[in-house]
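Let me begin by presenting the structure, written as structure tokens, before commenting on it.
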Amino acid sequence: MTSGVATAPATSQAFKSDYKPIWCPGCGDYSVLASITKAFAMLALSPENIAVVSGIGCSSRIPAYTNCYGFHGVHGRALAAGTGLKVARPDLTVLVAGGDGDGYSIGGNHFLHACRRNVDLTYVVMDNHVYGMTKGQPSPTTEPDWDSKLSPGGTGLRTFHPLVIALAAGANFVARAFSGDPNGTAQILAEAIRTPGFSFVEILSPCVTFCPEQREWKNQVRPAPVATTDDPVRAARRIMTDDGFNIGVLYKGERKPYQPSAGKAAKHLADLEAEFLI
Amino acid sequence: MSKEKTVRARKSGGARTLRARDRARPTGRANPTHRADFLARAWAMEVEAAERYASFADAMDEHNNHDVAELFRKLSRIEQLHADQLLEETLSGRPPVLPPGGVQWDSGEGPETAPHGELHYRMQPYHALQIALACERRANKFFAAYASRTTDAKARKAALEMAAEEAEHAHLIEDWLKRTPQPEKDWEHDPDPPLVSD
Amino acid sequence: MHERAGAPSLSIALTGSGGAGVMTAGSMLLEAAAQAGWYGLMVRSSGPQIRGGEAAALIRLAARPVECLDDRFDLVLAVDWQNLHRFADEIPLDAASLMIGDPDQGNPPEVFAKRGARLAQVAFKRMAKAIPGSWPNMIVLGLAGALAGLSAETLKSVVRQSYKKGEEGLAASFAAVDAGVAAAGALPSAPRLISPKRPEKPRWLLSGNEATGYGAVRGGVRFVAAYPITPATEILEWLAPALSGVGGALVQAEDELASINMAIGASFGGVPSLTATAGPGLSLMTEALGLAVAAEVPVVVVDVMRGGPSTGIPAKSEQSDVNIAVNGLHGDAPRIVVAPNSIADCLTATQWAVHLAEALQAPAIVLSDQYLGQTRAVVDRPADVTFIGQRALAAPRTEGYSRYAVTESGVSPAAIPGTPGNAYTAEGLEHNERGIPSSQSRDHLAQLAKRERKLRQHDYGDSWAEIEGEGDTAVVTFGSCTGAAREALGRAAAEGRSARLVSMRLLSPAQPERLAKALEGVRRVLVVEQNHSAQFYRYLRADFDLPGEVRSFHRAGPLPIRSDEIHKQITEWSSV
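This is how it looks when you write it as structure tokens:
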């Protein structure tokens, strides 16, 4: 809640904590925070029933800026922690958040398997194509010719395509949003949270400090020219020609969310001894 | 941010496509035709603008730009004042009930809400006022457009009044700008490199 | 003048926020002092913001080499006082200190005023505004430089060297420096440094991280795989262009697991390899380090220690990774641990680590820390050392070649892919001498003994520690505490109370006989370290014999252990 301003009922303000973000002014993550809290409000959730789980990096600072329960874990493992939490506590709304370095580099393996496992949680990646917190190294989504100290002249590597990977790995809900349209992003997030199973939302979120050229993104993004599909083949065809700037929900499937395997019902703990008895 | 940069217009094709898509999507977005809905939106607009300026003030304070933080706090108080006035004069002091998550605006955020991306940690008061001016002008346009669209006579009257008020606010900010020093050359300059903490 | 037994020094803090540019001014001040023949160092401190945050450049200048910050500051120059109270613990002041602030920027924080420091006022921002195109930090540079006894010419020459913009801006900066220099005349008397003698030996200005990178390349490293992490990233940033310049390669890996495995892979191919990380990264690497032990693949891991545990305090120093470095692998997995004890030593110790890793075909951990890594200092050019990584290799087509042959020394001649006749499979599973997996007791015991023996029996020479001074009290320490300990002992010696200093460079394998010899005649041992649970002290108690009475003086980061604290410990103890 910011300094003494009266708030409209059921708005994002109720989900914001008193801690002031340390993000650079102009950072896209401010808008993402606004969108996330707005989505929570749109869904009429209560802060105490939401857990925001993150890794390490600028974007991963987000849990403390909400009024929800938060988990600021180690680099790249937020999806694992979030999976554990959701399976153990299916009653909670679990939102996993982080940046492109945290999620696609060190977190890459967990990303693949989270898409495949389809636990009912939402994964938000604030993608700014850079490692911001450690002062500007290339991330998997950095353009191949982006000059940096660690990769002078650019990495020369093909960029990671998170939506392609998500779809190929079996994610049930795949979307891209843009921090420059907080309302549209809130809508996509609300839909992602509402949809059962693993929902992946990649949010383009410019870094004003290390990638000033990303101010151009607002002129490059466009609403996706076609409606959401529930056909993974059609989605795959579309995503292969995607240029990284189509905004909207690409794919929304019907896969049943993950359920831990059901064992034989035991009425009492002591029932479990039966097989040992001679 | 600097005077050379201007806000580029959306490509016209894109804008049309967006609205067409939005109409197709079920959004819970009311197309305000009644005066009551209209007033609720107008009020929400002021409140959201106040909240946004307050959060800008916080971000500026965190980055030790206290002059601009103070200015944003002032702007926040002004917007809150407008909201309170609206509440008193037209809503009988009773805050309207908004849909969960607040109003769904056509163009993303409330017309009077300054976008986050416009800040710079070294920005000067002049820049802040330029942002505010753009907000007031957008608000004025919003009300004027609404007035020309609506079929409800009472709503139209209210909208025209609001448009005029926003125009007045814009003038006040223009005057304020005239009294404010222009941004210094190299206002962005920071001799120190970014520092790391994580 | 703040005198220490023969080593007068001047300590200056430059502070400011929101783009004041004090880090740049501080770097230039140090650079100018270096060019004028002084020694010195600079430590950076800042708030959590990436830009615009409160920042402090902490500088110490002296006529002789200094390795740590002093116990107090003579001068604080503040472009503004924003959030400076956050640095209060790092900038100790007293009645002899002078604070210089801008009258338009409010008052110094109460915590400083309380310490009795005097306050003078210089209108930095107004003065900069009066010179179009100039910045307050250039006024500060001029003022600080003049107070330290530097000439305007020296200061301006440094400004010119670092200038990227056009000539017009340069003239304004020069004018600002001049204005700062002129302002010094009006101030109350401030300490001045003794003019240094013209330095005869070549000297360097660099950070520990840069020295580490260079030490690696000097040792023969030609492959680095790494993942950015505070405070090690600068090692990688220095190595990236340097390595490609000497025909090597640096790969930015997807994470630390990939980094260490890539380095091990490259090393298996015969190329000396290295990675650099911090505590959290080292934790991830422990499984692969065990592989390097078992498969006898050399690899060097630089751990730039920071506040722990877990994510901890990334930008602050601590010495709390002793446990994981010395004991942190599963199984019986001996490895080499080397701890540089100064910024210059980061070069020598890393170079030595590369040599040891290659000679002993084992992983070596270099325990550096954030203080050493990120502090810039003027140092005498380190003497060249002949440590070059060299792996003992079997001759091509060795009859019945056994990669893991049990030898007297424990070191088995290695084979590099491409060598005819000696193909083998490097093996993490326990194996026999040929490298074939084996769960036999005979093989396991023989290989364990061999891997332990090769490290234990190696003659590490005098590099294992630095031993200085005489007396029946000894300070035993390692790493960045060495500088403060050295100064403390210098002071004590001047007061007639001499003590010995043992700064251990080789932490593992333990050298109990050498330490016993170094502590002959000692009745009191003070173990000094910067962590909460006295990890080094416990390690010494477990694996070494210590004479007489042993005490532990330890404290976790983020504050460094100061020389006056160590001095107090010794003085109080030996007066009993």
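For the protein sequence lines, the chains are A, B and C, in the order given.
If you want the numbering used here, it's the 1-based position in the first sequence plus 5.
If you want the numbering used here, it's the 1-based position in the second sequence plus 1.
For the third sequence, position 555 matches number 550 in the numbering used here, and the numbering has no gaps at all.
The beta carbon of each residue, even a glycine, is placed where N, CA and C say it ideally should be.
Every value quoted in this text rests on a predicted model; they were computed, and no experiment measured them.
Buried or exposed: where does G405 (chain C) fall if 16 or more other Cβ atoms within 10 Å of its Cβ makes it buried?
-> G405 (chain C) is buried by the Cβ-count criterion.
Where I308 (chain C) meets chain A, residues with beta-carbon distance less than 8 Å = Residues of chain A passing the Cβ test: none, with the nearest at roughly 13 Å.
Decide if A460 (chain C) is buried, meaning its Cβ has at least 16 other Cβ atoms within 10 Å, or exposed.
-> Label assigned to A460 (chain C): buried.
For I308 (chain C), which beta-bridge partners are listed by DSSP?
-> Answer is C:G302.
Using a beta-carbon distance below 8 Å, is P43 (chain C) in contact with chain B?
-> Chain B contact via Cβ: present.
Might you give, ordered along the chain, the residues of its own chain that have their beta carbon closer than 6 Å to the beta carbon of V117 (chain C), omitting 5 neighbours on each side?
-> Non-local C-beta neighbours of V117 (chain C) in its own chain, meaning closer than 6 Å and more than five positions away in sequence, comprise I95, A178, ordered along the chain.
Would T393 (chain C) count as contacting chain A if we go by Cβ distances under 8 Å?
-> Output row for T393 (chain C): interface = no.
A489 (chain C) - DSSP class collapsed to helix/strand/coil = DSSP places A489 (chain C) in helix when its eight states are reduced to three.
Does E49 (chain C) have its Cβ less than 8 Å from a Cβ in chain B?
-> True, the Cβ-Cβ gap to chain B drops below 8 Å.
Can you give the Cα-Cα distance for G416 (chain C) and V266 (chain C), rounded to whole angstroms?
-> Near 20 Å, if we compare the C-alpha coordinates of V266 (chain C) and G416 (chain C).
Assuming A551 (chain C) contacts S190 (chain C) under a Cβ cut-off of 8 Å, what Cβ separation, rounded to an integer in Å, is found between them?
-> About 40 Å separates the Cβ atoms of A551 (chain C) and S190 (chain C), ruling out a contact at the 8 Å cut-off.
Given 8 Å, three or more beta-carbon pairs between the region 522 to 535 of chain C and the region 487 to 495 of chain C | They do not touch, by the three-pair rule.
Taking only the alpha-carbon atoms, compute the straight-line gap between A50 (chain B) and N66 (chain B) and give it to the nearest angstrom.
-> Roughly 20 Å separates the two Cα atoms.
Is S558 (chain C) helix, strand or coil by DSSP?
-> Looking at S558 (chain C) - three-state DSSP - the assignment turns out to be helix.
Tell me whether E278 (chain A) is buried or exposed, calling it buried when 16 or more other Cβ atoms sit within 10 Å of its Cβ.
-> Only exposed fits E278 (chain A), as fewer than 16 other CB atoms lie within 10 angstroms of its CB.
N- and C-terminal bounds of the beta strand (DSSP E) containing H67 (chain B) | Note, H67 (chain B): premise wrong, no beta strand (DSSP E); alpha helix (DSSP H) at 67 to 91.
Looking at the structure shown, is P412 (chain C) part of a helix, part of a strand, or coil, going by DSSP?
-> If DSSP states are grouped into helix, strand and coil, P412 (chain C) belongs with coil.
Out of curiosity, what's the CA-to-CA distance linking S59 (chain A) and S40 (chain A)?
-> So the alpha carbons of these two residues sit roughly 17 Å apart.
Residue interval of the beta strand (DSSP E) (run including L521 (chain C)) | For L521 (chain C), the enclosing beta strand (DSSP E) stretches over residues 519 to 524.
Could you list which residues in chain A have their beta carbon closer than 9 Å to that of L231 (chain C), in chain order?
-> Near L231 (chain C) (Cβ distances below 9 Å), the residues of chain A are Q142, K154, L155.
Between the Cα of P26 (chain A) and the Cα atoms of C:R546, C:R448, C:R46, C:L501, which residue gives the shortest distance?
-> It is C:R46 whose Cα lies nearest to the Cα of P26 (chain A).
Delimiting residues of the beta strand (DSSP E) encompassing L654 (chain C) = Since the first residue of chain C shown is -4 and the last is 571, residue 654 (chain C) is not available in this structure.
Is W568 (chain C) helix, strand or coil by DSSP?
-> Secondary structure of W568 (chain C) (DSSP, three-state): helix.
Name the one or two DSSP bridge partners that M37 (chain C) has.
-> Looking at the DSSP output, M37 (chain C) bridges to C:I54, C:R371.
Could you tell me if N72 (chain A) is buried or exposed, where buried requires 16 or more neighbouring beta carbons within 10 angstroms of its beta carbon?
-> That one is buried.
With burial defined as no fewer than 16 other Cβ atoms inside 10 Å of the residue's Cβ, what is the status of L424 (chain C): buried or exposed?
-> So L424 (chain C) counts as exposed.
Can you tell me whether DSSP reads E113 (chain B) as helix, strand or coil?
-> Coil.
Exposed or buried, which one is H325 (chain C) when buried takes at least 16 other CB atoms within 10 Å?
-> With fewer than 16 other Cβ atoms within 10 Å, it is exposed.
What's the gap between the Cα of I255 (chain C) and the Cα of Q247 (chain C)?
-> I255 (chain C) and Q247 (chain C) have their C-alpha atoms roughly 11 Å apart.
Interface residues of chain A facing H190 (chain B) [CB-CB closer than 8 Å] | Correct list: empty, because the minimum Cβ distance to chain A is about 14 Å.
Does the beta-carbon of G264 (chain C) have 16 or more other beta-carbons within 10 angstroms, so that it is buried, or is it exposed?
-> Here G264 (chain C) is exposed. Its C-beta has fewer than 16 other C-beta atoms within 10 Å.
Quick one: which chain A residues come within Cβ less than 7 Å of P184 (chain B)?
-> Residues of chain A passing the Cβ test: none, with the nearest at roughly 15 Å.
Closest to V254 (chain A) by CA distance: which of A:F45, A:P265, A:K269, A:T233 is it?
-> Here the closest residue by C-alpha is A:T233.
Identify the continuous beta strand (DSSP E) that holds R198 (chain C) and give its terminal residues.
-> That run of the beta strand (DSSP E) goes 198 to 202.
Using 8 Å as the limit for Cβ to Cβ distance, is S569 (chain C) near chain B?
-> For S569 (chain C), the answer is no, since every Cβ of chain B falls outside 8 Å of its Cβ.
For F116 (chain A) and C136 (chain B), the rounded distance between their alpha carbons = As the crow flies, the alpha-carbon of C136 (chain B) is around 40 Å from that of F116 (chain A).
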